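These notes are about the structure you will find just below.
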Amino acid sequence: MNTLTRITSLGLITLLALSSCETRGDDPIPVVPPSEGSKLTLQGGAGESDAANAVYVDFSADKQTSVDRKSWSLGFYNQDAYRVILNNQAAYAAKATDKTDILAVNSTNTDINVLAYGFGPEKLANYDGTDGDMSKTVIAEISAAGASNLVYIVNTVHGGKIDKENVYKVRINRGNSNDYILEYAKIDEKQIQKATIKKDAKTTFTFFSFTGGTVQVEPAKDSWDIVWTKSMFHTGALAYAFSDLVFINHLNGVSAAEVIFQDKSGKSTDQPSYEEFDASKLSSIEFLKGRNTIGSSWRRTTAMKDDPRVGVMPDRYYVIRDQVGNIYKLRFLAMGVNNDGGKRGYPEIEYKLVKGK
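Numbering follows UniProt numbering, with no gaps: position 311 of the sequence shown is 311.
Encoded structure:
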């Protein structure tokens with residue numbers, strides 16, 4: 001071996017050795033500190049009050065993820081229970097039939113008009129519980145005994161009149177290895193489509209579209225804190241499609257509190273303002289795990305008899321505790337009504353780290 005060849009060989013061996021050291025499995029994974037906070041304009045997309053997207057926000061990563069809220073039909077729960085949700089973000093309505101044979105269901109023997117939207121309190125039963133309680137889904141928990149799983153009819157276009165072209169019949173059973181087995185077709189179709197939906201521990205739900213199959217919707221279950229969206233909600237005991245709702249990631253440990261620091265006249269209460277709130281004030285905060293802890297309370301689109309304020313409510317902010325214990329304060333800056341400088345469908349928020357994990 002000549003000198004040049006020997007030097008080259010030694011150099012290659014050294015590089016390989018270094019490469020091996022750099023990719024060892026026992027090297028520590030770098031810890032990324034949580035964001036100190038930021039301002040974001042959420043990308044709700046076209047549609048103004050009927051904005052096209054749901055927007056998921058991860059405070060610690062300064063990240064927002066916009067997803068077409070009409071891109072999915074059903075969500076299959078990936079945790080212990082076998083539950084299936086309707087797309088509340090597109091106001092899907094559903095009702096159980098008395099049949100277990102999907103081929104036996106059609107528009108001549110099934111009243112699809114019961115799925116029409118209306119203001120009667122009985123209409124709430126056509127929608128999943130708006131508090132996100134997984135025991136309140138229209139579709140009953142999927143039984144291991146397949147013979148007891150009923151066929152459901154599902155309306156995919158919200159409205160006061162029903163077009164049978166928008167109505168599907170659906171039956172779901174359990175499969176092997178924690179899978180769901182979905183059968184579905186339009187109400188009068190005789191050719192039934194089938195899909196196997198596999199549980200995935202990385203996400204809360206696996207989402208499925210009747211027209212597109214499995215689709216990506218929510219980020220990984222540990223990668224979002226709140227979602228801003230339009231969704232089926234309620235006014236008192238009446239079903240109602242609300243714009244600008246904000247839900248917390250309640251099924252995965254996120255909790256929140258509302259702080260009201262002014263009364264209706266703008267006079268200070270005994271609560272600290274957004275600017276004043278810091279870690280020393282945390283002892284007064286009661287974190288709630290309810291999905292609707294923020295809900296619609298951050299904004300108002302019409303004046304009330306005793307309170308003419310419209311737009312972002314300037315008297316309040318929110319404190320959010322994420323899954324690992326980081327605590328942020330959050331306030332809404334603009335929503336695009338009442339000349340607040342914003343654009344409807346693109347709400348503006350600000351959040352700051354109060355206490356890191």
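Glycine is no exception: its CB is placed at the ideal position from the N, C-alpha and C atoms. Small disclaimer: the values here were computed from a predicted structure and weren't measured.
Restricting attention to alpha helix (DSSP H) runs no shorter than 4 residues, the region 169 to 250 encloses none. For Asp68, the beta-bridge partners assigned by DSSP are Asn53. Residue pairing from DSSP places Gln262 in a beta bridge opposite Ser268. Pairing Val138 with Ser296, the inter-Cα distance amounts to about 23 Å.
Taking all protein chains shown into account, Asn109 has fewer than 16 neighbouring C-beta atoms within 10 Å of its C-beta and is therefore exposed. If you draw a straight line from the Cα of Leu245 to the Cα of Thr229, it comes to about 5 Å. Counting C-beta pairs with one atom in each stretch, the region 66 to 86 and the region 108 to 125 have fewer than three that are closer than 8 Å, which means they do not touch.
Distance from Asn126 to Lys95 at the Cβ level is roughly 6 Å; contact confirmed, criterion being Cβ atoms closer than 8 Å.
In the three-state reduction of the DSSP assignment, Val154 falls in the strand class, which pools E and B. If you draw a straight line from the Cα of Val157 to the Cα of Lys70, it comes to about 10 Å. For Phe287 and Pro33, the gap between their C-alpha atoms comes out near 23 Å. Excluding the 5 residues flanking it on each side, Asp98 has same chain C-beta neighbours closer than 8 Å at Leu150, in chain order.
About 5 Å separates the CB atoms of Ala241 and Ala91; that is less than 8 Å, so the two are in contact.
DSSP places Glu348 in the uninterrupted beta strand (DSSP E) bounded by 348 to 355. For the 8 Å CB-CB criterion, Phe59 and Phe205 do not form a contact. Between Glu141 and the set Lys123, Leu124, Arg174, Gly160, the nearest pair of CA atoms involves Arg174. Distance from the Cα of Gln262 is smallest, within the candidate group Val310, Tyr317, Ser243, Val254, for Tyr317.
When secondary structure is reduced to three states using DSSP, Phe76 falls in the strand class. Between Arg171 and Glu183 the beta-carbon gap is near 5 Å, inside 8 Å, which marks them as a contact.
The three-state reading of DSSP puts Ile102 in helix, counting H, G and I together. One thing to note: Glu48 has its Cβ no nearer than 8 Å to the Cβ of Arg299. Our two residues, Lys202 and Asp111, have alpha carbons roughly 39 Å apart in a direct line. As summarised for the region 266 to 313, there are no continuous alpha helix (DSSP H) elements at least 4 residues long confined to that stretch. Counting the other CB atoms within 10 Å of its CB gives Leu330 a total of 16 or more, which places it among the buried residues.
Between the alpha carbons of Ile294 and Lys305 lies a distance of about 22 Å. With respect to Ala279, Val354 sits close: the two C-beta atoms are nearer than 8 Å. With distances taken between CA atoms, Glu36 lies nearest to Asp62 out of Tyr346, Gly45, Lys199, Asp62. Excluding its 5 nearest sequence neighbours in each direction, Phe247 has C-beta neighbours in its own chain below 6 Å: Val227, Arg291, listed in chain order.
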